[in-house]
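Each step along the sequence shown adds one to the number in numbering that gives the first Met the number 0, with nothing skipped, and position 54 is 53.
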Amino acid sequence: MAAAWQDVVRDAAAVREAAAAAVDAALLAGGLMRTGEQPNSSDVVNYAPFTLLPSAVPRALFEQAYAVQQDFNLLVDAVSQNKEFLEQTLASTIKADDFTAQLFRIYMQVLEEGLAQTVFLGINRSDYMFDCGLDGAAALKQIEINTIAASFGGLTSRTADVHRLVLKVLGKTEEASQLLPNNPAKGLALGIAKAWELYGSQRAVVMFLVEEVQRNIFDQRCVENELWNRNIRVVRRRFRDVFEQGSLDASRRLYIDGQEVAVVYYREGYVPRTYNQQNWEARLLLERSRAVKCPDIATQLAGTKKVQQELSRPGTLEKLLPGRPEAVARIRATFAGLYSLDEGEEGDRIAATAIADPDRFVLKPQREGGGNNLYGEELREVLEKIKDSPERTSYILMDKIKPQPALNYLLRAHSPLQVSECISELGIFGVYVRQGRELVLNEAAGHLLRTKAVEHADGGVAAGVAVLDTPYLV
Ligand code: ADP
Ligand code: MG
């Protein structure tokens with residue numbers, strides 16, 4: 000699998016020619032990002048970083064990832080409706096982690112008042128790596144599931160065409176024809192449109208809740224424009240706009256600048272630094288409203304690392320998905336080892352094991368967005384420091400997944416063209432809609448392949464580490 004393009008990857012002249020064609024094709028296709036210097040202006044834009052070559056992905060694992068997505072949709076939805084499970088699972092975490100605690104407070108407050116929301120929309124992305132076993136065989140292992148603001152469903156739809164062209168330039172016409180079409184944005188928009196329709200007000204808009212710094216706007220526009228194509232109005236607002244202009248009427252319908260909002264699609268709100276006092280108030284207002292939140296706060300909590308770790312305990316999946324042994328088996332097959340660092344003997348033991356052998360593990364805080372995990376020596380140092388303090392419970396431990404690297408070129412504006420040893424992460428987008436207790440839509444909406452140089456332990460495309468890629472099934 001590492002050797003898919005061995006004949007061309009070291010051919011400097013061919014690579015240079017293909018890279019020039021690739022960059023122009025990406026710009027023509029709309030694989031775009033705003034610049035770091037002017038992140039809120041489209042006057043100057045650049046191409047979103049991507050690999051020169053598509054990366055080999057074992058077909059069986061790719062199919063396995065698609066086949067388990069509807070199960071994961073069901074699971075996330077089940078967790079989000081299970082107050083007892085969320086309460087028990089997050090009890091230790093919220094003592095040590097302020098951000099999760101604040102989300103949890105809003106969750107409880109909204110439940111106490113009684114939910115006004117009756118239609119639920121989940122858009123998630125389950126991420127995997129291909130773990131290379133001692134026998135050389137690769138296994139699909141989940142890294143995490145993102146239940147809020149899962150991105151790149153738009154831009155990724157542009158990369159397959161670019162890679163098709165690259166392969167042709169490199170004389171690989173037959174291989175080019177095998178790259179799969181992929182347009183997650185269409186599926187995400189379908190879910191949003193369904194939720195909008197069930198909300199039941201023709202005049203109501205879909206509100207994208209967006210960041211202050213909107214560098215990745217084109218990815219969002221892909222979803223947005225699919226909605227305009229369906230004659231659904233979209234507005235883009237930030238938390239501070241909601242704080243200043245948002246209101247609820249007596250039946251908790253949400254209004255922004257006088258327009259009723261049917262669906263709130265969060266592309267923001269998953270990192271602590273987003274929130275000041277006003278933005279927390281805005282978040283509470285949104286959660287209390289009748290509008291369909293994608294996700295509601297319960298579903299955001301269902302995506303925490305702590306929940307992921309508790310799901311891996313024997314018997315938990317069976318309880319959450321009763322009468323679905325096949326779904327449980329498919330889900331469990333993708334789990335890597337996950338370990339609680341809660342106070343007590345179990346946590347003491349695994350902490351000691353990880354300190355003795357840090358390269359076997361990843362230490363994860365309850366954060367999203369990349370760049371927060373700890374590895375190797377740093378893992379050892381931090382764990383040594385916190386092993387006897389309650390702070391330990393704000394982390395989980397996970398087995399480190401070790402994929403087989405492959406050579407590729409990471410194309411980034413203003414960066415030299417050089418070959419890198421790379422590893423890839425496959426994400427599958429899931430979309431579901433529930434009305435009351437009835438699931439009316441449950442689908443896999445497409446995929447995302449991201450690739451990074453092996454020397455980077457952590458970080459996504461937005462963080463400037465990984466780049467967009469296309470799977471070449473082998
Ligand atoms: P975040 O919510 O910050 O995206 P992730 O769990 O996705 O957190 O981790 C961020 C990155 O760290 C992943 O994209 C992956 O590259 C790497 N990573 C996470 N968990 C593991 C693991 N168990 N083994 C190897 N790499 C991992
Ligand atoms: Mg991630």
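We put the CB at the ideal spot given by N, CA and C, even for glycine.
Just to confirm my understanding: we take residue i, look at its own chain, exclude 5 residues before and 5 after, and list those with CB closer than 7 Å. What are they?
i	result
Ala1	Caution is warranted here: a pLDDT of 44 is assigned to Ala1, below 50, making its placement in the model unreliable, and no coordinate value can be reported.
Asp70	Ala326, Arg329, Ile330
Leu337	Gln307, Gln308, Ser311, Ile395, Met397
Trp4	Leu52
Gln37	Val43
Ala332	none
Glu211	Arg237
Leu169	Val7, Ala13, Ala17
Pull up the CB-CB distance for residue i and residue j, whole angstroms please, since I reckon it's below 8 Å.
i	j	result
Asn181	Gly445	5 Å
Val241	Ile255	7 Å
Met128	Ile142	6 Å
Val118	Tyr198	6 Å
Ala77	Leu320	6 Å
Val291	Ala194	4 Å
Val460	Phe103	That pair is no contact at about 29 Å.
Tyr471	Gly368	Wrong, their Cβ atoms sit about 28 Å apart, outside the cutoff.
Gly429	Ser125	7 Å
Ala301	Val75	5 Å
Ser393	Thr92	6 Å
Thr298	Gly30	Not quite, the Cβ-Cβ distance comes to about 29 Å (not below 8 Å), so this is no contact.
Ala335	Ile400	6 Å
Gln177	Ile427	Not a contact, Cβ separation roughly 19 Å.
Quick one: does the C-beta of residue i sit closer than 7 Å to a heavy atom of ligand 1?
i	result
Ala363	It is Lys, not Ala, that sits at residue 363 in the sequence shown. Correct: Lys363 has its Cβ closer than 7 Å to ligand 1.
Met128	yes
Asn372	yes
Glu427	Here residue 427 is Ile; the residue named in the question, Glu, does not match the sequence. Not under cutoff, so the answer is no.
Ile400	yes
Gly368	yes
Glu424	yes
Met206	no
Ala405	no
Met32	no
Which residues in the same chain as residue i place their Cβ atom closer than 8 Å to its Cβ, once the five residues preceding and following it in sequence are excluded?
i	result
Ser200	Glu259, Ala261
Ile354	Arg379, Leu382, Glu383, Lys386
Arg229	Ala188, Ala192
Arg251	Ala115, Arg287, Ser288, Arg289
Ile349	Tyr338, Ser339, Leu340, Leu396
Leu285	Leu208, Val241, Gly245, Leu253, Val263, Lys292
Does the Cβ of residue i lie closer than 7 Å to at least one heavy atom of ligand 2?
i	result
Glu259	no
Glu62	no
Asn275	no
Ile105	no
Ile142	yes
Gly302	no
Gly170	no
Gly459	yes
Asn215	no
Asn145	yes
Quick one: what's got a C-beta closer than 6 Å to residue i's C-beta in the same chain, skipping five residues either side?
i	result
Ala11	none
Val222	Gly153, Ala184, Leu187, Ala188
Asp160	Ala28
Tyr265	Ile147, Ala148, Leu208
Thr553	Nothing can be reported for residue 553, as the shown portion of the chain is limited to 0 through 473.
Val234	Val204, Met206
Lys167	Ala175
Asn407	Thr50, Leu52, Cys421
Asp304	According to the sequence shown, residue 304 is Lys rather than Asp. Cβ neighbours of Lys304 beyond the five flanking positions: Lys363, Gln365, Ile395.
_Whether or not the region 102-110 and the region 364-376 are in contact is what I'm after, with contact meaning three or more pairs of Cβ atoms, one per stretch, closer than 8 Å; do they touch?_
no
Check whether the region 127-137 and the region 55-62 touch, using three or more Cβ-Cβ pairs below 8 Å as the test. yes
**Request:** For the region 231-287, list the beta strand (DSSP E) runs that are entirely contained and at least 3 residues long, ordered along the chain.
**Result:** 233-236, 245-247, 253-255, 258-265
>> For the structure I just gave you, are there three or more beta carbon pairs, one from the region 316-325 and one from the region 279-295, closer than 8 Å?
In response: no
Within the region 325-352, ranges of the alpha helix (DSSP H) (whole runs, at least 4 residues): none
What residue ranges within the region 200-227 form continuous beta strand (DSSP E) runs of no fewer than 3 residues, ordered along the chain?
204-208
At a cut of 8 Å, does the region 79-88 reach the region 45-53 through at least three beta carbon pairs? no
> Does the region 15-27 come within contact of the region 433-448, defined as at least 3 CB pairs closer than 8 Å?
Replying inline: no
Between the region 414-421 and the region 82-99, are three or more C-beta pairs nearer than 8 Å? no
- Complete runs of the beta strand (DSSP E) confined to the region 49-82 [at least 3 residues]: 54-56
Margin query: Report the start-end ranges of each beta strand (DSSP E) in the region 92-150 that is 3 residues or longer and not cut off at the edges.
Written below: 118-131, 137-145
Exercise. Count the CB pairs spanning the region 294-309 and the region 357-368 that are closer than 8 Å, and state whether there are at least three.
Key: yes
To test your reading of the DSSP string, which unbroken alpha helix (DSSP H) runs of 4 or more residues are found completely within the region 152-181? 158-168, 172-175
field: Runs of beta strand (DSSP E) lying entirely within the region 387-467, each at least 3 residues, in chain order
entry: 394-398, 405-410, 418-434, 437-452
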